[in-house]
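Asks:
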Amino acid sequence: MNALIIDDEVDLCSLLSIQLRSMGVPNEFVNTIREAKVKFRENNYEIIFLDLNLTDGSGFEMLDFIKGYPKNQKVIVISAYDSERKKVIEQGADFFLPKPFTKKKVAEILDSI
Numbered sequence: 001m002n003a004l005i006i007d008d009e010v011d012l013c014s015l016l017s018i019q020l021r022s023m024g025v026p027n028e029f030v031n032t033i034r035e036a037k038v039k040f041r042e043n044n045y046e047i048i049f050l051d052l053n054l055t056d057g058s059g060f061e062m063l064d065f066i067k068g069y070p071k072n073q074k075v076i077v078i079s080a081y082d083s084e085r086k087k088v089i090e091q092g093a094d095f096f097l098p099k100p101f102t103k104k105k106v107a108e109i110l111d112s113i
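No gaps in the numbering here: position 55 of the sequence shown is 55 in full-length UniProt numbering, and each next residue is one more.
(1) Going by CA-CA distance only, name the one from Arg41, Val88, Ile47 and Phe40 that's closest to Ser17.
(2) Below 8 Å, how does it come out for the stretch 38 to 52 and the stretch 62 to 77: are there three or more Cβ pairs, yes or no?
(3) Note the first and the last residue of the continuous beta strand (DSSP E) segment covering Ile66.
(4) Over the uninterrupted alpha helix (DSSP H) stretch that includes Val25, give me the two end residues.
(5) According to DSSP, Val77 sits in a beta bridge with which residue or residues?
(6) So for Ile6, helix, strand or coil by DSSP?
(7) Name the residue from Arg21, Ala93, Asp11 and Asp7 whose alpha carbon lies nearest to the alpha carbon of Glu35.
(8) For Asp111, count neighbouring C-beta atoms within 10 Å of its own C-beta (all shown protein chains included) and say buried if the count is 16 or more, exposed if not.
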């Protein structure tokens, strides 16, 4: 299992990356949609952590891009806005992870995959 983290908050990316590695999940992170599209095309990630608010666009845009490819990855949307939960699930996300989150919550999601 490997993961791509897409979030413009570098500290959050670093923290989540460390948490995932401690659970045995290799991962990479990027901070823009542009970088994410390159990484996504070049690699076969099984899990994608996607923030909704990115500096160069909306996470919804990236979610549409991801769902346009016939890969079998799980998308976990990360957001501080719980009001977005229903919308992201309807748009094709597999899970919603509200900020702030705990390592335990991340582990629960990964265990269910």
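Every residue gets a Cβ at the ideal spot worked out from N, C-alpha and C, and that includes glycine. Being a predicted model, the structure only gives us computed values, none of them experimental.
Replies: From the atom records:
(1) Ile47
(2) yes
(3) No beta strand (DSSP E) holds Ile66; the alpha helix (DSSP H) holding it covers Gly59 to Lys67.
(4) Where Val25 is concerned, there is no enclosing alpha helix (DSSP H), given that its DSSP letter is neither H nor E.
(5) Leu50 and Phe96
(6) strand
(7) Asp7
(8) exposed
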